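Trainee: Structure provided below as structure tokens; questions to follow.
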Amino acid sequence: MSLSVRCAATGTKLIALDFDGVVCDSVGESSLSAFKAAALLWPEIFQTPEAEARKNELVEKMRAVRPVVETGYENIIQIRCLYEGVSVDEMLATWETMLPSRMAEWGLNRGEMVELFGQVRDDWIAADLDGWLAPNRIYEGVADPVCGAMSSHQVYIVTTKQAHYTEILMRDMASVPFPADRIFSQTVSGRPKGEVLAALAAQHPDVNAKIFVEDKLSTLEKVARDPALSDWQLFLVDWGYNTPGERARAAAHPAITVIDKHQFKELLTVPAAAAETEMGLQVAQ
Ligand SMILES: [Mg+2]
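Going by our numbering, the residue at position 190 of the sequence shown is 190; the numbering climbs one at a time, nothing skipped.
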């Protein structure tokens, strides 16, 4: 395909990308940060030889339950649940109710947990930036298309991760100098991503297409239910933190398209008007 010639003049897209599970595989770091936070919150449980001996097992289980996490602080509650014997399957199936019930049982407050998780990361970064970066990984084949899209499209990151961690990872791991004012974080507010999408759309009324790329199906489903966001094209990546069952559900959803890395690259490269035919995708409308 010879697309570069036609890219610049027409077909500008508004592209909103989720970060964790789309650009960055961060589950190793978030699980280790959760262990550190749990050790501060519950030293009698997590600052013990028993917990230390089970660290690898717990971190491995944290990877398996990552699909149900919406915001980082939830990892802290997850690691204690797993330590106390909750199974991966049970957590995957019931996290939506398990989270508020354990928060109440253990007397936890969302704002304080967000602050604790941020503090642990800040301390780790200040003490050992390389050590903090090391368990993070940028997905292969993702950084270059993102970088390329920034010159011809309006590209934003819309994430539940705190913005400055996202910025550090883009700069130091992806080697993409992503502007801080194009990273929108809902960590503190906890407000839905749909509100950011609506604000971005209002800010860019002249784009030819609006693209939202996520790895979390429930987030896409919420956007799909909002009539005010019906002109956004919704994409679920086939990597990141979703399960085969969720990918099958997404594939059957009339407003959601499942994409692989190759299609992701095409989506970010091809101008809006040519996207559907040249990608060979049945893009959901
Ligand atoms: Mg994600």
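Quick reminder that beta carbons are idealized off the backbone N, C-alpha and C, glycines included.
On a predicted model such as this, the values are computed, not experimentally measured, just so you know.
(1) Does the separation of the CB atoms of L268 and Q154 fall below 7 angstroms?
(2) How is A174 classed by DSSP in three states: helix, strand or coil?
(3) Let me confirm a value: P271 is counted as buried when at least 16 other C-beta atoms fall within 10 Å, else exposed. Which label applies?
(4) Run the CB neighbour count on R49, radius 10 Å, all protein chains shown included, and call it buried at 16 or more, exposed below.
(5) Under 8 angstroms, with one C-beta from each stretch per pair, do the segment 147 to 164 and the segment 70 to 80 reach the 3-pair mark?
(6) Should the segment 58 to 67 be called in touch with the segment 76 to 83, which here means at least 3 C-beta pairs below 8 angstroms?
(7) Return yes when at least one heavy atom of ligand 1 lies under 6 angstroms from the C-beta of G194, else no.
(8) Since L229 and V223 are thought to touch, with beta carbons under 8 angstroms apart, how far apart are those beta carbons, to the nearest angstrom?
(9) Do G118 and ligand 1 come close, with the Cβ less than 6 angstroms from some heavy atom?
(10) To the nearest angstrom, report how far apart V146 and L116 are at their CA atoms.
(11) Taking just the CA atoms, how far does E221 sit from R6?
(12) So what does W232 bridge to, in DSSP terms?
(13) If you draw a straight line from the C-alpha of P100 to the C-alpha of T94, how long is it?
Mentor: The relevant details are as follows:
(1) In the sequence shown, counting from the first residue as 1, residue 268 sits at position 268. In the sequence shown, counting from the first residue as 1, residue 154 sits at position 154. Cβ atoms of L268 and Q154: not closer than 7 angstroms.
(2) For the purposes of this step, residue 174 is identified with residue 174 of the sequence shown, where counting begins at 1. In this structure, A174 counts as coil in the three-state DSSP scheme.
(3) What you label residue 271 is simply residue 271 of the sequence shown in a count that begins at 1. Its Cβ being crowded by 16 or more others within 10 Å, P271 is buried.
(4) What you label residue 49 is simply residue 49 of the sequence shown in a count that begins at 1. According to the sequence displayed, residue 49 carries Pro and not Arg. By the neighbour-count rule (16 or more Cβ atoms within 10 Å), P49 is not buried but exposed.
(5) yes
(6) yes
(7) Position 194 of the sequence shown, counting from 1, holds the residue named residue 194. No, since every heavy atom of ligand 1 falls outside the 6 angstroms radius drawn around the Cβ of G194.
(8) Walking along the sequence shown from the start, residue 229 turns up at place 229. Walking along the sequence shown from the start, residue 223 turns up at place 223. Indeed they touch by this definition, with Cβ atoms about 5 angstroms apart.
(9) Counting from 1 along the sequence shown, the entry for residue 118 is found at position 118. Checking the Cβ of G118 against ligand 1 gives no.
(10) Translated into the one-based positions of the sequence shown, residue 146 becomes position 146. Translated into the one-based positions of the sequence shown, residue 116 becomes position 116. If you take the alpha carbons of V146 and L116, they lie about 31 angstroms apart.
(11) Residue 6 sits at position 6 when you count from the first residue of the sequence shown. Residue 221 sits at position 221 when you count from the first residue of the sequence shown. Low confidence applies to R6: its pLDDT is 38, below 50, so where it sits in the model is not reliable, and the reading given next is rough at best. If you take the alpha carbons of R6 and E221, they lie about 33 angstroms apart.
(12) Indexing the sequence shown from 1 puts residue 232 at position 232. Note: W232 sits in a beta bridge opposite K210.
(13) Residue mapping note: residue 100 aligns to position 100 of the sequence shown, counting from 1. Residue mapping note: residue 94 aligns to position 94 of the sequence shown, counting from 1. In a straight line, the C-alpha of P100 is about 11 angstroms away from that of T94.
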